[in-house]
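Undergrad: Using our numbering, the first residue of the sequence shown is number 609, and each one after it goes up by one. We put the beta carbon where it would ideally sit given N, CA and C, even for glycine. Here you go, one structure.
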Amino acid sequence: MRHYSQMREVILPVTDEDRRIAGLAAIAIGLTLAEAALPSPIPGIKPGLANIVILLVLLQNGFKTAAWVSVIRLLAGSLLLGGFLSPGFWLAASGTAASLLILSIIQYLPEKLFGPVSLSILAAFSHIGGQLLLAWVWLLPSAGILALLPFFALAALVFGAANGFIVARLIAAKPDLGAQSVHV
């Protein structure tokens, strides 16, 4: 058996793209942590502040980068908040997967049909749909979960629209979340 000092050093190359994704994910993680500190009148309803970053990244850097930022935010946020692999984590993961699925489909449709607000609303509805589907299949397999649908749908509409408007305003103000503006 080799001693630790005799082990070979492994060097992983880090690209500018890796640094950009890490910086963007750090912003999204920070917003996730800030949001966790906000009180929620209805459990499970949150404004999704990190989705502002995800949507900006999607519109400025493409789906692949947005997906990486979203997954890193999910994993790191759950680890930092102490919920990794908890039911809440799986609900968040199902919502993330559903919203990424709809955004991956939309990327093949004509770009002029979707703006920041419509993308944000569709992602929010997909997110809550994925969460409610998993909750129905795993946690509450009854029709009773349908009673929650109007509350969650209204929240998805309101917060999705609000986040979309914020992204539209940010884009109009020209903040580029590209390699030049994020340094890690």
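#1: Please report the distance separating the alpha-carbon of Leu765 from that of Ser686.
#2: Could you spell out where the alpha helix (DSSP H) holding Pro695 opens and where it closes?
#3: Please go through the stretch 710 to 749 and give each complete alpha helix (DSSP H) segment of 4 or more residues, from N-terminal end onward.
#4: Would you say the beta carbon of Trp746 is closer than 6 Å to some non-hydrogen atom of the ligand MN?
#5: Can you tell me which of Ser750, Lys782 and Gly723 puts its alpha carbon nearest to the alpha carbon of Leu663?
#6: Could you give the C-beta distance for Val679 and Leu632, rounded to a whole number, given that I count them as a contact under 8 Å?
#7: For Leu699, which option in Lys720, Ile653, Ala630 and Asp624 has the closest C-alpha, if you only look at C-alpha atoms?
#8: Can you tell which of Phe733, Ala769, Leu620 and Arg777 has its C-alpha closest to the C-alpha of Leu757?
#9: Pick out whichever of Leu740, Ile619 and Gly768 has its Cα sitting closest to the Cα of Pro797.
#10: Could you work out which residue in Ala743, Val677 and Gly738 is closest to Leu799 when comparing CA atoms only?
#11: Based on Cα-Cα distance, which residue from Ala644, Gln668 and Ala630 lies nearest to Lys782?
#12: So, Ala706 versus His735, is the Cβ gap smaller than 7 Å?
#13: Is Val677 buried or exposed, if buried means 16 or more other CB atoms sit within 10 Å of its CB?
#14: Using the rule of at least 16 other Cβ atoms within 10 Å of the residue's Cβ for burial, across every protein chain shown, is Leu727 buried or exposed?
#15: Taking the Cβ atom as the reference point for each residue, do Ala658 and Leu639 lie within a distance shorter than 7 Å?
#16: Quick one: residues in its chain with C-beta nearer than 7 Å to the C-beta of Leu747, no 5 flanking neighbours on either side, listed in chain order?
#17: For Arg628, which three-state DSSP category applies?
TA: Once the coordinates are examined:
#1: Looking at the backbone, the Cα of Leu765 and that of Ser686 are separated by about 25 Å.
#2: Run containing Pro695: Pro695 to Ile714, per the alpha helix (DSSP H) assignment.
#3: Fully enclosed alpha helix (DSSP H) runs of 4 or longer: 724 to 742.
#4: Within the structure as shown, the ligand MN is missing, as the structure has no ligands at all.
#5: Of the candidates Ser750, Lys782 and Gly723, Gly723 places its Cα closest to the Cα of Leu663.
#6: Not quite, the Cβ-Cβ distance comes to about 12 Å (not below 8 Å), so this is no contact.
#7: Looking at Lys720, Ile653, Ala630 and Asp624, the one whose alpha-carbon comes closest to that of Leu699 is Ile653.
#8: The shortest C-alpha separation from Leu757 is found at Phe733.
#9: As shown, the chain starts at 609 and ends at 792. That puts residue 797 outside it, with no answer to give.
#10: The chain is shown from 609 up to 792; residue 799 falls before or after that span and cannot be answered.
#11: The residue with the shortest Cα to Cα distance from Lys782 is Gln668.
#12: Going by beta carbons, Ala706 and His735 fall inside the 7 Å limit.
#13: When all chains shown are included, Val677 counts as buried.
#14: Result: buried.
#15: Note that the C-beta distance between Ala658 and Leu639 is below 7 Å.
#16: For Leu747, the CB contacts under 7 Å within the same chain, skipping 5 residues up- and downstream, are Pro695 in chain order.
#17: Three-state DSSP puts Arg628 in a helix.
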